[in-house]
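Top to bottom, those sequences are chains E and C. Residue 157 in the working numbering sits at position 146 of the first sequence; the count goes up by one each step and never skips. Residue 407 in the working numbering sits at position 421 of the second sequence; the count goes up by one each step and never skips. For glycine and all other residues, C-beta sits at the position ideal for the given N, C-alpha and C. None of the values given here were measured: they were computed from a predicted structure.
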Amino acid sequence: MRPFDYKRAERLEHAGQLAAAEDTLAIAGGTNLIDLMKLQVETPATLVDLNHLPLAGIEEHEDGLRIGALATNTATAVHPRVRADYPLLARAILAGATQQLRNKATTGGNLCQRTRCWYFTNTDQPCNKREPGSGCGALMGRADLHAVLGTSEACIATYPGDMAVAMAALDATVEIAGEKGSRSVPLREFHLLPGDTPHIENVLEPGEIITAVTLPTPVGGKQIYRKVRERSSYAFALVSVAAALRMEGESIAHAALAFGGLAHKPWHDPRIDDLLTGEKPSMALFDKAADLLLEDAQGYGENDAKIPLARRALTATLIDATGVSA
Amino acid sequence: MKSLTMDKPDERNRLDAMKQGVIGKPLDRPDGPIKVSGVAPYAAEYDIANAAYGVFVTAPIARGKVAKIHEDSVTGMDGVIAVVADERFTTRAAQGTAGEAPEQGPGEVDYWGQPIALVVAESYEAARDAAQRLKVDFHADDLADIPFDPDAVEPEKDEGQRQGDLAHAMAEAVHSVDRTYTTHGHASAAMEPHASIAEWQDGKLTVHASLQMLNFNIAELADALDLEEDDVRLVSRFVGGGFGSKLGVSQDVVAAAIAAKQVGRPVKVAMTRQHVFQAIMRRSESTQRLRLAADAEGRLTGFGHEALVSNLPGEDFAEPVTQSSKFLYGGENRLLRIDVARIHRMCAGSVRAPGEAVGMTALEAAMDELAEQVGIDPVELRLRNIPDKHPTKDIPYSSRKLAECLKEGAAAFGWQGEDRKPRQRREGEWWIGTGVASGSRVHNVEEAKARVTLRPGGTALVETDMTDIGTGTYAILGQIAGEMLGLDPKDVEVGLGDTDFPRGPGSGGSWGAPSSGSAVFLACEALREEIASLLKGEEGNLTMKDGTAVVGNTSRTIDELLGGKELQRTGHFQPGKTEKEFAAASYGAFFAEVAVNDWTGETRVRRLTGAFGIGRVLNEKTARSQCLGGMTWAIGAALTEQLLFDPRDGHLVNCDLAEYHVPVHRDVPECEVLLVEERDPAASPIQAKGVGELSMCGAAGAIANAVYNACGVRAYSFPMTPAVLLEGLVEQAKA
Ligand SMILES: Cc1cc2nc3c(=O)[nH]c(=O)nc-3n(C[C@H](O)[C@H](O)[C@H](O)COP(=O)(O)OP(=O)(O)OC[C@H]3O[C@@H](n4cnc5c(N)ncnc54)[C@H](O)[C@@H]3O)c2cc1C
Ligand code: SF4
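Pasting the structure below:
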């Protein structure tokens, strides 16, 4: 681990200021950042500790809910409002990591967690994300974990998290504060595709920090988080599907789906939601949804199976959500 | 010293004649409380004054030479003491029981991630930082010239073991199976990473290390450093799991010793998780062709098991995939062989039940196909094929409880073997099915010594350099001595893991308990002879119980008999003719129930029952725990564990516990363990055999067979991940 300075942010304005300095990273739960610092994948000269900011609250917000950036994943998952109105979020969080990690992990940290690409974490291998211009180790190497949607020549990594996939389906908003003031960004637009700048993973500008995530008015219906993985816990998703789907009579009144493990960001394709909404559920309809999802999918050898797996996980989720029989 | 060479079976069954009644009892491990409370010191945890910290620098090339190490790139850094790069550094761990230094000379790089130098600093963090920054020039060989893929090179052909004409038997067979299976490599993945603290005093070296076989390790270390063994002491009182990875002296031990000498103060080297994964032994991947020829009733007439495994050039070890295939089932016409591909991945060596762990998986999966063809209960198929005599040698089997394991296991599991049609049971999205497999693991013993001291006050002390790698050695040796000497095991102190104690074979190959246990037994017999003579009687008439010795009408407490002095004897056990004159193995049977998700191919084990014949059970609880551990590893081998290598430079990509998937709690259902009553007189004078590894050998086959029974997909590649099963599931759905 490289020696670093430690600064404690006492007030929000202060945090932005501190975080804007060169070679500086914010730290919350530390469950991702410290691992990467040990490996010297991250080598900040300064850490700004956010943990003393009053951002841990989970409170009512208009008709929705505002989850503070420092709320732990555990606190969010067990919150009565979350369980009652956004069970998808609770399920996604509980499908991730382990109890110990979730006790430390925070909303902001979870959104900003880095990829698990094993070339990214191995400093003796090339990686455009870690070292822009050095090349992508995974592209011609082992891509078991990697993306099949929205990849680029420069990077085929995934965003590995679960929580954000649920938040994407729930159409959450990320609240951001910086030196120049605050702004909000739809969660679906918070993470970026790699393009030729895979080292830029989200829309945060230097000095900006996440202060909260807000969830809109609950949509009700069936909420399902299906996470496919080899071992039944403590593993990142091969593929995951987050679905919030409400039936009215025979038809789908509301559908919002997002996908994990497939791309550099929680994958949300509005065409799928549109396709499903207002329709009578059927296997043919689900097939069309999967076709849309995967029309541009590209495998890289070891991860080819993610494509059929995504199709089947989506179909199974829709069957589960609508009660259609296969 | 009381010696015994195992030249004939020991039918005396002496432990059963003893009166204390503690042998076999499910006693708690005496080391349990200090382990779970964090008090037991592991290698890196000794508080040694003035210790500096060493971190390895590893080679980012697959093969080549170190051209220049730019020490000046780190010498100015805060806390950095030295860069140590010594020709005597070992480039890989020694193979189990090598007893001599492994390959030395870190300047020659043979695999990606090979340690080449050690940076020593005042703190671990400073050392790690400097190790990362140290600039090293290499002459790297052209990757295009280096073989990494075992299938792409011409392997070293094994002559194999041939008998009769297998091809002919296959052609003539009423039923036959000819299948090829692949298994991925495994890591031992012990919880405690390899670590050492080396300290020199007056020319003598002491290393606290995490090792399984001190008697061999001291020889390996002494050889590497050109020292006399008398000038070296190794201490491994507690070992946080080994699973084969700590059989041979590892790179940290040698480097710590050299660095400590060079910097003139103790040096601690705790390998990072990534370094352990990348530079300590891997289990080789394997490709296995199974050929089974059978008559109309399913009796084997031909048996073929041919494997391709890999290792670095020059390494002797070849994953002994066919080890139990040599004797488990009959079949007149036989062909067994293990070819080795020489490739430049990290060194392959012993990992968790080398050989059978993957060999039995494939064999038992093939047996399931044969049972299906013959149309009989797969349990019955196995029972029919238990040979009366060894298929190739004119020797008898020692005690063999395979049939009992199959039958008792089937009863406990509620096995239904008649209708084995797949895809019959469904719960929601999940296909449910069951499978069976035999278990088998060769039995070995090794030379062992142990010293037992009776102490005034009526307590005893057992000392041997045997290790407890989490298996329960502390418990069982105390129980053996307690039983023999008539003491409550609480009054028996056990000292392990120190080369200053009498030497034994250490832990590995599941021989620790039968070997070192026999040495303790012999030392106790010698003490009993002495006690009997103090009572003017024969040892055979002596009863020792609850601290009192009785011969005829004379009864004295041990304390009285000792008269304030200690009484000490050493036991010396040696393997002998029984090794060659009997085919000895531990046997078992596994019954699995699994659920396979029809959509995703995710597979979860719902029930796992194992029945085992392991000779005398020394402690029912620790034996059971060993079996649970092995069965858990089998779940990993069946479903989740695989080493993944970059095809271009052979480096291991999934080198931490987040990406190398050992089973987690949720993957492991309530497992049932049955220990079948057995004494094996040919195995050891305590009639005990190996336990730990057996419970992994075959269980993954039972799981594979259950997967087939559940969803109708036969897997020929392990682990059976969703990606492996998906295609078959899609086809089944179409059919
Ligand atoms: C072994 C393991 C398994 C895991 N499995 C899963 C899994 O299955 N699913 C899953 O979703 N996750 C998983 N995780 C990841 C875990 O969820 C993240 O590590 C955690 O959510 C990060 O939160 P943190 O507060 O600890 O972040 P930190 O480690 O403190 O920070 C992570 C990053 O976020 C930045 N950051 C933190 N807070 C803010 C803020 N308020 N504003 C701006 N930037 C900020 C930091 O600068 C840093 O770059 C796993 C982690 C581990 C170690
Ligand atoms: S996939 Fe992305 S993160 Fe992985 S090596 Fe390539 S550039 Fe780096």
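{"Check": "Closest to C/R406 by CA distance: which of C/H180, C/V693 and C/G456 is it?", "Outcome": "C/V693"}
{"Check": "Specify the secondary structure class of C/I381 as computed by DSSP and reduced to three states.", "Outcome": "coil"}
{"Check": "For C/Y110, is the classification buried or exposed, using 16 other Cβ atoms within 10 angstroms of its Cβ as the cut-off for buried?", "Outcome": "buried"}
{"Check": "Quick one: which residues of the region 587 to 606 of chain C get their C-beta closer than 7 Å to a C-beta of chain E? List them in chain order.", "Outcome": "E588 and R590"}
{"Check": "DSSP on E/D46, reduced to helix/strand/coil?", "Outcome": "helix"}
{"Check": "When you compare the region 262 to 278 of chain C with the region 290 to 305 of chain C, are there three or more beta-carbon pairs, one atom per stretch, that lie closer than 8 Å?", "Outcome": "yes"}
{"Check": "Please list, in chain order, all residues of the same chain as E/L160 whose beta carbon is under 7 Å from its beta carbon, the five residues on each side excluded.", "Outcome": "L273, A274, W278, D307 and A308"}
{"Check": "Check whether the region 102 to 113 of chain E and the region 169 to 182 of chain E touch, using three or more Cβ-Cβ pairs below 8 Å as the test.", "Outcome": "yes"}
{"Check": "Return the residue from the list C/D216, C/V262, C/L211 and C/K254 that minimises the CA-CA distance to C/K232.", "Outcome": "C/V262"}
{"Check": "Determine the burial state of C/V25: buried for a count of at least 16 other Cβ atoms within 10 Å of its Cβ, exposed for fewer.", "Outcome": "exposed"}
{"Check": "If we require 4 or more residues per run, which alpha helix (DSSP H) segments fall completely within the region 383 to 424 of chain C?", "Outcome": "388 to 399"}
{"Check": "Ignoring anything shorter than 4 residues, give me the alpha helix (DSSP H) runs that lie fully in the region -9 to 48 of chain C, in order along the chain.", "Outcome": "0 to 3 and 18 to 22"}
{"Check": "Taking Cβ to Cβ, would you say C/L242 is nearer than 9 Å to C/V221?", "Outcome": "Per the sequence shown, residue 242 of chain C should be read as Ala rather than Leu. Not in contact: C/A242 and C/V221 (Cβ atoms no closer than 9 Å)."}
{"Check": "Cβ of C/I329 within 9 Å of Cβ of C/G636?", "Outcome": "yes"}
{"Check": "Identify the residues that DSSP records as bridge partners of E/I318: which are they?", "Outcome": "E/I318 is not bridged to any residue."}
{"Check": "Determine the DSSP secondary structure at C/S182, reduced to helix, strand or coil.", "Outcome": "strand"}
{"Check": "Does E/T85 come out as helix, strand or coil in the three-state DSSP assignment?", "Outcome": "helix"}
{"Check": "Could you name the residues of the region 251 to 276 of chain C whose beta carbon sits closer than 7 Å to any beta carbon of chain E, in the order they occur along the chain?", "Outcome": "none"}
{"Check": "Rounded to whole angstroms, what is the Cα-Cα separation between E/G194 and E/H63?", "Outcome": "Residue identity check: residue 194 of chain E is Arg in the sequence provided, not Gly. Approximately 22 Å, taken between the alpha carbons."}
{"Check": "State the beta-bridge partners of C/M682 as determined by DSSP.", "Outcome": "Answer is none; C/M682 lacks a bridge partner."}
{"Check": "Taking only runs of the alpha helix (DSSP H) that begin and end inside the region 166 to 243 of chain E, which ones reach a length of at least 4 residues, in chain order?", "Outcome": "174 to 180 and 198 to 201"}
{"Check": "Check whether the Cβ of E/R113 sits closer than 8 Å to any heavy atom of ligand 1, and report yes or no.", "Outcome": "yes"}
{"Check": "Identify every run of the beta strand (DSSP E) within the region 185 to 211 of chain C, keeping only runs that are complete inside it and at least 3 residues long; order them along the chain.", "Outcome": "190 to 195"}
{"Check": "Going by beta-carbon coordinates alone, are C/S182 and C/A30 separated by less than 9 Å?", "Outcome": "yes"}
{"Check": "Around the Cβ of C/E354, are there at least 16 other Cβ atoms within 10 angstroms (buried) or fewer (exposed)?", "Outcome": "Note that residue 354 of chain C is Asp in the sequence shown, not Glu. Per the 10 Å Cβ criterion, buried."}
{"Check": "With respect to 8 Å, is the separation between the Cβ of E/F247 and the closest non-hydrogen atom of ligand 1 below this value?", "Outcome": "yes"}
{"Check": "Here's the rule I'm using: 16 or more other beta-carbon atoms within 10 Å means buried, otherwise exposed. How should C/M(-8) be labelled?", "Outcome": "buried"}
{"Check": "Which residues, taken in chain order from the region 132 to 145 of chain E, show a beta carbon closer than 9 Å to some beta carbon of chain C?", "Outcome": "T132, N133, T134, D135 and Q136"}
{"Check": "Would you check if the distance between the CB atom of E/A37 and the CB atom of E/I220 is smaller than 9 Å?", "Outcome": "yes"}
{"Check": "Do C/G425 and C/A575 have their beta-carbon atoms positioned less than 9 Å apart in this structure?", "Outcome": "yes"}
{"Check": "Rounded to a whole number of angstroms, what is the C-alpha to C-alpha distance between C/D217 and C/I517?", "Outcome": "36 Å"}
{"Check": "Using the Cα positions of C/A155 and C/G284, report the straight-line distance between them to the nearest angstrom.", "Outcome": "13 Å"}
{"Check": "Who are C/T589's beta bridge partners in DSSP?", "Outcome": "C/V582"}
{"Check": "Flag E/P14 as yes if its beta-carbon sits less than 9 Å from any beta-carbon of chain C, otherwise no.", "Outcome": "yes"}
{"Check": "For ligand 2, is there a heavy atom less than 8 Å away from the beta-carbon of E/Y236?", "Outcome": "no"}
{"Check": "Would you mind stating whether C/F487 and C/G494 have Cβ atoms separated by less than 9 Å?", "Outcome": "no"}
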